[in-house]
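A.B. asks: Pasting in a structure now, in structure tokens, and then I'll have a few things to ask.
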């Protein structure tokens, strides 16, 4: 078994009671079968409480006002305090904020953007992300229907995508346009069952003149009539996707409504205001968000064959976080990196912690009449 993780992974440590949020509220905490068996056997006062505070039918901890039954008034875990520390945790609590993507013979481990301490590591990272690799030769596995050929092409494509995204000689808008187009062309090969031609696509996007071609294309598109109208319409459509997702926290809808109202009533950005906002939400911030989403989700296309959808999901995440930060900046509330961290956490908690939300968002982004490649170019 091989393992891959970003270089900052080992720097993470939970800040417990000092955390401005809690990972024990806002979503249902599922309990793995092994932990359920252990909790059923627990004795004494804690054992009685476990029996009462677990929804055995749903295999999850009960919640009260959106908070786990074991989360006390100091935002600390009574199960941890009374059960002997981390060994009392179920797999979900023991793992979070570590996020694991499972592939045949490979585990890719990242830190979840929804955790404030993890988000601080991700977004305060000034250098390009590198990846750590390890191997456990004693652990082997096989998946009956795992498409290893597709997975190989996806990992090859992702390596080139990450290289392009981390090329800081280019503006992040240009980098993003290139990788979006790469995933679009790769998807055509996947749909046509022509993966044998995927290497041709990757070679083309690895060439030195591809950036110049896209720079000219983006410049010409920006000069077309109605480009600003298209930008605003596409942003409106992108935010409308969030209306179709399940709400995990009660304060999300009011927060989102306020942000959208600010953005929809704001004046057309000028070169000067864009420069000022860029001082806050820099190319490095955008890069780190894109790298985070791409590393975490892109190769998951091996399970649904939708590489282009995974890239759209990744870019949409960066753009929505950017625009939510912009809404606060327009009102004078956002002046430093801490606002970006808070906003990224908030978005990730609502979108990434629901399989329904991730699947629905990817599905809706597939509407080419609303989110065609040039529509997405307009909001980069």
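Numbering (this note's numbering), first residue to last: 607 to 986.
Glycine is no exception: its CB is placed at the ideal position from the N, C-alpha and C atoms.
By how many angstroms is the C-alpha of residue 971 removed from the C-alpha of residue 789?
C.D. replies: Here residue 789 refers to the residue found at position 183 of the chain shown. Here residue 971 refers to the residue found at position 365 of the chain shown. Going from the Cα of residue 789 to the Cα of residue 971 covers about 14 Å.
A.B. asks: Am I right that residue 966 and residue 851 are in contact with their C-beta atoms under 8 Å? What's the rounded C-beta distance?
C.D. replies: Taking the chain shown and counting its residues from 1, one reaches residue 966 at position 360. Taking the chain shown and counting its residues from 1, one reaches residue 851 at position 245. About 6 Å separates the two Cβ atoms, so the contact holds.
A.B. asks: Rounding to the nearest angstrom, what Cα-Cα distance links residue 947 and residue 728 in this structure?
C.D. replies: As a position in the chain shown, residue 947 is number 341, starting the count at 1. As a position in the chain shown, residue 728 is number 122, starting the count at 1. Residue 947 and residue 728: Cα-Cα distance of roughly 9 Å.
A.B. asks: Let me know if residue 999 comes out buried or exposed under the rule of 16 or more other beta-carbons within 10 Å of its beta-carbon.
C.D. replies: Residue 999 is absent from the model: the chain starts at 607 and stops at 986.
A.B. asks: Would you kindly work out how many angstroms separate the C-alpha atoms of residue 656 and residue 646, rounded to a whole number?
C.D. replies: Indexing the chain shown from 1 puts residue 656 at position 50. Indexing the chain shown from 1 puts residue 646 at position 40. Near 8 Å, if we compare the C-alpha coordinates of residue 646 and residue 656.
A.B. asks: Is residue 632 near residue 672, with beta carbons less than 7 Å apart?
C.D. replies: By 1-based counting over the chain shown, the position of residue 632 is 26. By 1-based counting over the chain shown, the position of residue 672 is 66. A contact, by the Cβ cut-off of 7 Å.
A.B. asks: Compute the Euclidean distance between the alpha carbons of residue 803 and residue 877, then round it to the nearest angstrom.
C.D. replies: The sequence position of residue 803 within the chain shown is 197, counting from 1. The sequence position of residue 877 within the chain shown is 271, counting from 1. C-alpha separation (whole angstroms): 41 Å.
A.B. asks: Do the region 929 to 937 and the region 702 to 715 meet, that is, are 3 or more Cβ pairs less than 8 Å apart?
C.D. replies: no
A.B. asks: When we look at the beta-carbon of residue 806 and count the other beta-carbons within 10 Å, is it buried (16 or more) or exposed?
C.D. replies: Numbered from 1 along the chain shown, position 200 holds the residue referred to as residue 806. Answer is exposed; the Cβ neighbour count stays below 16.
A.B. asks: Give me, in chain order, the residues of the same chain whose beta-carbon lies closer than 7 Å to that of residue 759; leave out the 5 immediate sequence neighbours on both sides.
C.D. replies: Position 153 of the chain shown holds residue 759. Taken in chain order, the residues that qualify are 801 and 804.
A.B. asks: Suppose you measure from the CA of residue 649 to the CA of residue 726; what does that come to, to the nearest Å?
C.D. replies: As a first step, residue 649 must be located in the chain shown, where it is residue number 43. As a first step, residue 726 must be located in the chain shown, where it is residue number 120. Going by the C-alpha atoms only, they are around 40 Å apart.
A.B. asks: For residue 772, which three-state DSSP category applies?
C.D. replies: Within the chain shown, residue 772 is the residue found at index 166, counting from 1. Three-state DSSP puts residue 772 in coil, outside helix and strand.
A.B. asks: DSSP three-state call for residue 968: helix, strand or coil?
C.D. replies: Counting from 1 along the chain shown, the entry for residue 968 is found at position 362. The answer is helix: DSSP assigns residue 968 an H, G or I state.
A.B. asks: So residue 810 packs on residue 816, CB below 8 Å; how close in whole Å?
C.D. replies: Translated into positions along the chain shown, residue 810 becomes position 204. Translated into positions along the chain shown, residue 816 becomes position 210. Residue 810 to residue 816, Cβ: 7 Å. Contact.
A.B. asks: Within the same chain, show all residues whose beta-carbon is closer than 8 Å to that of residue 619, passing over the 5 residues directly before and after it, in chain order.
C.D. replies: Residue numbering aside, residue 619 sits at position 13 when the chain shown is read from its first letter. Excluding sequence neighbours, residue 619 sits near 723.
A.B. asks: For the alpha helix (DSSP H) that residue 777 lies in, which residues bound it at each end?
C.D. replies: Within the chain shown, residue 777 is the residue found at index 171, counting from 1. First-last for residue 777: undefined, no H or E at that position.
A.B. asks: Using C-beta distances below 7 Å, list every residue in its chain close to residue 749, excluding the 5 sequence neighbours before and after it, in chain order.
C.D. replies: Residue numbering aside, residue 749 sits at position 143 when the chain shown is read from its first letter. Spatial neighbours of residue 749 in its own chain (CB-CB distance under 7 Å, excluding positions within 5 residues in sequence) are listed in chain order as 710.
A.B. asks: Short check: CB of residue 609 to CB of residue 713, under 7 Å?
C.D. replies: As a position in the chain shown, residue 609 is number 3, starting the count at 1. As a position in the chain shown, residue 713 is number 107, starting the count at 1. It is a contact, given that the beta carbons lie within the stated cut-off.
A.B. asks: Go to residue 709, then tell me how far its beta strand (DSSP E) extends in each direction, as first and last residue.
C.D. replies: For the purposes of this step, residue 709 is identified with residue 103 of the chain shown, where counting begins at 1. Unbroken beta strand (DSSP E) run through residue 709: 704 to 709.
A.B. asks: Can you round the beta-carbon distance between residue 719 and residue 950 to whole angstroms, since I take them to be within the 8 Å contact cut?
C.D. replies: For the purposes of this step, residue 719 is taken as the residue at position 113 of the chain shown. For the purposes of this step, residue 950 is taken as the residue at position 344 of the chain shown. So it is a contact: roughly 5 Å between Cβ atoms.
A.B. asks: Does DSSP put residue 985 in a helix, a strand or coil?
C.D. replies: Position 379 of the chain shown, counted from the first residue, corresponds to residue 985. Looking at residue 985 - three-state DSSP - the assignment turns out to be coil, as it is neither helix nor strand.
A.B. asks: DSSP on residue 782, reduced to helix/strand/coil?
C.D. replies: The count along the chain shown starts at 1 and reaches residue 782 at position 176. Of the three classes helix, strand and coil, the one that applies to residue 782 here is helix, per DSSP.
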